[in-house]
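Final position of the sequence shown in the numbering used here is 494; the numbers increase by one with none missing. Glycine included, every Cβ here is placed at the ideal spot set by N, Cα and C. I have placed the structure first, in the form of structure tokens, so that the comments after it can refer back to it.
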Amino acid sequence: MNIYELDAASNNAVEDIRALVDQVRYVPQMGKYKIYIIDEVHMLSNAAFNAFLKTLEEPPNYVLFILATTERHKVLPTILSRCQIFNFNSIKIDNIVDQLKLIAKQESIAYEVAALQLIAQKAEGAMRDALSMFDIIATAIGQSGTITYNEASAHLQHLDYAYYFRCTESFLKQDIPALLSIYDAILRAGFNGRHFLAGLGEHLRNLLVCKDQVSLPLLEVPDPIRPQYAEYAVKCSMRFLLDALARLNQYILNYQASQHKRLHVELFLIELATVVEATDAAVVLDKSGSIKKKIVPPPKPNTCIQPPSVDNGIACHIQPKSQNNRSLPGNKVIIQAAVTEQLPTLADLKKTLTETEALITAKQASTVKAEVAFPPVKQKVEAALTYYKEQLKKKGMIADYQLISQPIKVQDRVVSITLINPVQEAMLQNLKEDLLAFLRKTLHCSDIIIQGILVEEIASKRPYTDQEKLSYLSKKNAFIALLQEKLMLELAY
2 MNIYELDAAS NNAVEDIRAL VDQVRYVPQM GKYKIYIIDE VHMLSNAAFN
52 AFLKTLEEPP NYVLFILATT ERHKVLPTIL SRCQIFNFNS IKIDNIVDQL
102 KLIAKQESIA YEVAALQLIA QKAEGAMRDA LSMFDIIATA IGQSGTITYN
152 EASAHLQHLD YAYYFRCTES FLKQDIPALL SIYDAILRAG FNGRHFLAGL
202 GEHLRNLLVC KDQVSLPLLE VPDPIRPQYA EYAVKCSMRF LLDALARLNQ
252 YILNYQASQH KRLHVELFLI ELATVVEATD AAVVLDKSGS IKKKIVPPPK
302 PNTCIQPPSV DNGIACHIQP KSQNNRSLPG NKVIIQAAVT EQLPTLADLK
352 KTLTETEALI TAKQASTVKA EVAFPPVKQK VEAALTYYKE QLKKKGMIAD
402 YQLISQPIKV QDRVVSITLI NPVQEAMLQN LKEDLLAFLR KTLHCSDIII
452 QGILVEEIAS KRPYTDQEKL SYLSKKNAFI ALLQEKLMLE LAY
């Protein structure tokens, strides 16, 4: 078996794939198969994919291609359709820890289980990354050292869980100065705001999964940290955790666009500390760390209920509670009501409503009558149209502006606009509704009417022939005809 490996990230040109295709043509001299492993195949260019397509579709029986990639969506669909796809899922943290234990035992390296769990967590399911981290830490501590949790945390740039637990405690106590001090210490340790927000999001998620036994297996933290998560999960309410995660997600999205990133994170800490009481008003955490139930007092009974006023003068009087009522058993309150007049019946209320509606209708009718009593004056109409034309001009409606600029005639409540062609008549129909509403509102005349008067232009006939020109000039000047008669002149054709 002959195995060849090709890095597509470095050999992604068409020439590299053509050279590979040329090698495929030759039968292996030793072994039965030729196996080509192409790593990071998604880095190939489209031209390289197309050059490789024919060979991949009909390879020789002695050739086997293995295409490896972590971003399958970047590979052309025509390539994927000609491959048998095997998906490799991320390795679980426990499996990575077991493999690291085996390697540490073979290499005689002392370790703490919490350190290996931290390495596996940072690897995010990739065994290759976990081995690289393990090798770096083992080289740093030397042969005689031990891979401790603190050593692994320092080499992996891991923000310790203690910071997040202190932040949670300060959130629950609404201790804003302590939160700002914690964040300042994190920045001095060399971590940036994005790193802190991402870790805080993971911390809040871990508290959320600890709220229920069903989701507890989803907690992926070192074993010594699990009791602390169980303790703080009891202190934090579900509403607070959900609200904190929602706000945190929004702040992470806006972090890159922020001009003052430290202030951006500090505002989030202050905001989250101030909403604890609002999200869980029934549970308050005192400064000593104990949880107390807030007793919400019952609502006080209303001593007087004021009904809406009625035209016929009916009122309800309720006597206030006396001081002696406090000694009654069961904290009962006696309310005595005295009705001075008889309550209205349904018929009385309907009659009152009918009379009110009649008054309103009469008032509206008188208002409309007052509006239409005086016809609009031509000067007011021209002023209103001038304002309307300016608005049309500002909006760039030049054709409508020229239409309104035509001569107008006002007679009684009829506004006549002169039109010179049928096109303007159609334009007036489109503009008429809006213009009519404007004039009625401006002139306070509800029955004003707009009409267009189409005036046909009499086209003046211009002289064309010599005889027509002579006749035209003779009409304008009588001496020309006299001169023609005296001198007996004729037109030359």
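Cut-off 6 Å between Cβ atoms - residues of its own chain near residue i, not counting five sequence neighbours on either side
| i | result |
| --- | --- |
| V215 | none |
| C237 | L208 |
| S417 | K410, Q452 and I454 |
| L432 | D401 |
| F192 | L160 |
| T147 | A111 |
| A190 | none |
| H74 | none |
| V22 | T56 |
Three-state secondary structure assigned by DSSP to residue i
| i | result |
| --- | --- |
| V98 | helix |
| K212 | coil |
| I421 | coil |
| Q1 | Only positions 2 to 494 of the chain appear in the structure, and residue 1 is not among them; the question remains open. |
| Y150 | helix |
| L490 | coil |
| L517 | Because the chain in this structure spans residues 2 to 494, residue 517 falls outside the shown range and cannot be described. |
| L157 | coil |
| N47 | helix |
| Q257 | coil |
| I545 | The chain is shown only over 2 to 494; residue 545 falls outside these bounds and no answer can be derived. |
| I412 | In the sequence as presented, Ile is not what sits at residue 412; that position holds Gln. If DSSP states are grouped into helix, strand and coil, Q412 belongs with the strands. |
| K35 | strand |
| N431 | helix |
| N13 | coil |
| N3 | strand |
| G397 | coil |
| C168 | helix |
| H196 | helix |
| R1 | Residue 1 lies beyond the stretch modelled for the chain, which goes from 2 to 494, so this question has no answer here. |
Straight-line Cα distance separating residue j from residue i
| i | j | result |
| --- | --- | --- |
| I451 | I405 | 12 Å |
| Y27 | D40 | 22 Å |
| M239 | A231 | 14 Å |
| Q403 | A438 | 20 Å |
| L57 | Q24 | 13 Å |
| I36 | T149 | 43 Å |
| L420 | T466 | 34 Å |
| K477 | L429 | 41 Å |
| D244 | Q158 | 28 Å |
| N13 | A52 | 11 Å |
| E272 | L249 | 10 Å |
| L440 | V276 | 55 Å |
| K395 | L474 | 48 Å |
| A49 | G202 | 42 Å |
| Q107 | V76 | 40 Å |
| Q412 | D435 | 21 Å |
| F135 | E59 | 43 Å |
| A105 | L81 | 40 Å |
| K262 | L270 | 13 Å |
| Q485 | P464 | 19 Å |
| I449 | V382 | 11 Å |
| I18 | D95 | 41 Å |
| L393 | I399 | 7 Å |
| L492 | E391 | 56 Å |
Own chain residues within Cβ distance below 7 Å of residue i, not counting five before or after
| i | result |
| --- | --- |
| E267 | L181 and Y184 |
| G200 | L160 and Y165 |
| A259 | Correcting the residue type first, residue 259 is Ser in the shown sequence and not Ala. Same-chain partners within the cutoff: H265. |
| A234 | L208, C211 and K212 |
| R195 | Y256 |
| Y63 | V28, P29, K33, Y34 and K35 |
| H204 | Y165 |
| D281 | The predicted model places D281 with a pLDDT of 49, which falls under 50 and marks its position as unreliable, so this point remains unresolved. |
Bridge partner(s) assigned by DSSP for residue i
| i | result |
| --- | --- |
| K379 | BP columns for K379 are empty, so no partner. |
| A111 | T147 |
| G453 | I418 |
| D40 | D8 and A69 |
Own chain, CB closer than 8 Å to residue i, minus 5 neighbours either side, in chain order
| i | result |
| --- | --- |
| R206 | L246 |
| Q229 | Y162 and F166 |
| A141 | E152 and H156 |
Distance cut-off 7 Å: residue i Cβ against heavy atoms of the ligand SAM
| i | result |
| --- | --- |
| T71 | Of the ligands one can find in the structure shown there are none, so the ligand SAM has no counterpart to examine. |
Open item on the list: For the stretch 6-13 against the stretch 45-54, do three or more pairs of beta-carbon atoms, one drawn from each stretch, fall closer than 8 Å, so that the two count as touching?
Closed with: yes
- [ ] State whether the stretch 73-91 contacts the stretch 109-123, with contact taken as three or more CB pairs (one from each stretch) at a distance under 8 Å.
- [x] no
Open item on the list: Within 8 Å, do at least three Cβ pairs link the stretch 54-68 to the stretch 94-101?
Closed with: no
Task: Any 3 or more C-beta pairs closer than 8 Å across the stretch 251-260 and the stretch 215-231 - done: no
TODO: Kindly confirm or deny that the stretch 123-131 and the stretch 185-193 touch, where touching means at least three C-beta pairs closer than 8 Å.
DONE: no
TODO: Count the CB pairs spanning the stretch 142-156 and the stretch 168-175 that are closer than 8 Å, and state whether there are at least three.
DONE: no
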